[in-house]
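Residues in the sequence shown are numbered consecutively from 165, following our numbering.
For glycine and all other residues, C-beta sits at the position ideal for the given N, C-alpha and C.
For reference, the structure discussed in these notes is given below.
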Amino acid sequence: MVAALVLLAAPLLAPPAGAPSPCAGRGSAVLVLTVPHELHLCLNGLVVKSFPVELGRGGVGKTRQGDEKVPLGTYPLGRGRPSTYFYTFIPVDYPTAAQRRAGFTGGTIGIHGPLQIPPGTDLVRPTGDWTLGCIALPTESAVDEVARWIRAQGVTRIIIE
């Protein structure tokens, strides 16, 4: 019964016929497509799962500390760790050596969960592109799932386009 439901639902979950997979040719990596605001978990060139993301309020193309932009490129990924402000933080090793030689500055970029609002405060969780240059997943469960997948699959790089 379950197998029949999976077979019936498969066409609904698959990309449209003829549409290339965003992960095609990328091997195993975390792929962030900034224009549609999507994070894809890519395993051997196939999409395992996708998530909506929020980005830096300054847009994309980070070149300097404080520009509030998300960097573009391919970077090493660190291990997820607990974060007081963002539930879980997965470090992105920005800038690359070549970017540093070109004068790029900054750091402390990563994938993280939503802003943690202390109980009893009047703070409101931001919406839209609100980060200072990071990639924010909308829920704690989403960032936990991404962190677990990265660790389980041994994925060590992120591609941000």
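- request: Please go through the same chain and pick out, in chain order, the residues whose beta-carbon is closer than 6 Å to the beta-carbon of F215, but skip the five residues on each side of it.
  value: If we look at F215 and ignore the five residues flanking it on each side, its Cβ neighbours are L203, L301 and A306.
**Message:** Determine whether the beta carbon atoms of G297 and K233 lie at a separation below 7 Å.
**Reply:** yes
ask   = From the DSSP output, which residues share a beta bridge with V307?
value = Per DSSP, none; premise fails for V307.
key: Sequence-distant residues of its chain with Cβ nearer than 7 Å to L287 (five each side left out)   = I281
Out of curiosity, what's the CA-to-CA distance linking P186 and R228?
Their Cα atoms are separated by approximately 28 Å.
Exercise. Measure the beta-carbon distance from I273 to V194 and round it to whole angstroms, keeping in mind my assumption that it falls under 8 Å.
Key: 13 Å between Cβ atoms; not a contact.
Query raised in the report: Going along the chain, which residues of its own chain have a beta-carbon closer than 7 Å to the beta-carbon of L219, five neighbours each way excluded?
Result: T198, H201, V234, D293, T295 and I299
* Reduced DSSP category for A300 - H, G, I as helix; E, B as strand; rest coil -> Per DSSP, reduced to three states, the secondary structure at A300 is strand.
* Asked: Is the Cβ-Cβ distance between P240 and R321 less than 7 Å?
  -> yes
- Query: At which residue ranges does the region 254 to 282 contain complete alpha helix (DSSP H) runs of 4 or more residues, listed in the order of the chain?
  - Reply: Within the region 254 to 282, the complete alpha helix (DSSP H) runs of at least 4 residues are 261 to 265.
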